[in-house]
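Asker: Numbering (the numbering used here), first residue to last: 2 to 256.
All C-beta atoms, glycine included, are put in the ideal place defined by N, C-alpha and C.
This structure is a prediction, so every number in the text was calculated from the model and none was measured.
Quick one: the structure is below, questions incoming.
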């Protein structure tokens, strides 16, 4: 069974990388400029280990407890951890100590908590600002994040924090909206932020169902879960099919 699961993951990883490569070439981009972030969510640590053996070392989680648990279980591997969900204040210090990249900073209060945690940990926390594309003139339902109009000021605040390192922007396409125009708005905002903060080079956008649109818009990181791991397991032992339109509540930003 383990061998069969390993083959499944290998095939899925190959297919996802092929999609990324094809999307990059179609957009006139070097495929090497787009990183794949494997979002394991409720899948077991053994699956992450299997992907690591295939060279996939960037791994994301949307729940702090699961991130910390898997990181401890897989401490022997050179994984690069990413946190992509809503971060509770009481978990910020632990995430900072782990050295995870936080993709979901959307308010000054969270930036302040992470800033203190980064200073206490002795190394800056790398962060991306999550943008609410539903509030950017789109007609779709919001998926969480800061109002686009507030992002430049938030970027200034983060860039001035000794315990933080601004890496870029992150967003999820609004529910019920064509992801192409939404990601184009994100790319425009990212260019504005980058003009003031040249270090903010990362654009985290796109999931299993819309990664091509994200890559076309300039995404440097795509967050993929379902296309890699398959249907998400439930506590009952059953699985649920995850689709781009219904995959997650607002707090979950990678599948």
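1. What three-state label does DSSP hand residue 140 in the structure shown?
2. Rounded to the nearest angstrom, how far is the Cβ of residue 219 from that of residue 188, given a contact under 8 Å?
3. Looking only at its chain, what residues have a beta carbon closer than 7 Å to the beta carbon of residue 53, apart from the 5 residues adjacent to it on each side?
4. Nearest-angstrom Cα distance between residue 209 and residue 110?
5. Is residue 256 helix, strand or coil by DSSP?
6. From residue 120 to residue 8, what does the alpha carbon distance come to, in whole angstroms?
7. Could you tell me whether the stretch 32 to 49 touches the stretch 215 to 229, using the rule of 3 or more Cβ pairs below 8 Å?
8. Within its chain, find whatever has a CB closer than 6 Å to the CB of residue 122; leave out the 5 residues flanking it on each side and keep chain order.
9. Could you pull out every unbroken alpha helix (DSSP H) segment of at least 4 residues lying fully inside the stretch 6 to 72, listed in chain order?
10. Excluding the 5 residues preceding and the 5 following residue 201 in the sequence, name in chain order all residues of the same chain whose CB lies nearer than 6 Å to its CB.
11. CB-CB under 7 Å to residue 146, same chain, minus the five flanking residues each way: which ones, in chain order?
12. Tell me whether residue 317 sits in a helix, a strand or coil according to DSSP, three-state version.
13. Exposed or buried, residue 211, counting other C-beta atoms within 10 Å across all chains shown (16 or more means buried)?
14. Mark residue 127 as exposed unless 16 or more other C-beta atoms lie within 10 angstroms of its C-beta, in which case mark it buried.
15. Taking Cβ to Cβ, would you say residue 31 is nearer than 8 Å to residue 25?
16. Would you grab the beta carbon distance between residue 38 and residue 224 for me? Rounded to a whole angstrom, and I think it's under 8 Å.
17. In this structure, does DSSP put residue 226 in helix, strand or coil?
18. State the Cα-Cα distance for the pair residue 16 and residue 10, rounded to the nearest angstrom.
19. Between the Cα of residue 87 and the Cα atoms of 55, 100, 104, which residue gives the shortest distance?
20. Please determine, among 14, 176, 117, the residue with the shortest C-alpha to C-alpha distance to residue 56.
21. Would you mind giving the Cβ-Cβ distance between residue 83 and residue 101, rounded to the nearest angstrom? I have them listed as a contact below 8 Å.
22. My output table needs one value for residue 209: the three-state DSSP class, helix, strand or coil.
23. Can you say whether residue 154 is buried or exposed, counting buried as having 16 or more other CB atoms within 10 angstroms of its CB?
24. Spatial neighbours of residue 89 within its chain, please: C-beta separation below 8 Å, excluding the five flanking residues on both sides.
25. Taking the Cβ atom as the reference point for each residue, do residue 165 and residue 116 lie within a distance shorter than 8 Å?
26. Can you tell me whether DSSP reads residue 120 as helix, strand or coil?
Answerer: Short version:
1. Residue placement at residue 140 is poorly supported in this model, since its pLDDT is 48, which falls under 50; the coordinates still yield a value, given next. Three-state result, residue 140: coil.
2. 5 Å
3. 78, 80
4. 31 Å
5. coil
6. 42 Å
7. yes
8. 97, 98
9. 46 to 54
10. 167, 169, 194, 195
11. 107, 131, 132, 133, 172
12. Within the shown structure, residues of the chain are numbered from 2 to 256, placing residue 317 beyond reach of any answer.
13. buried
14. buried
15. yes
16. 5 Å
17. coil
18. 10 Å
19. 104
20. 14
21. 6 Å
22. coil
23. exposed
24. 65
25. yes
26. helix
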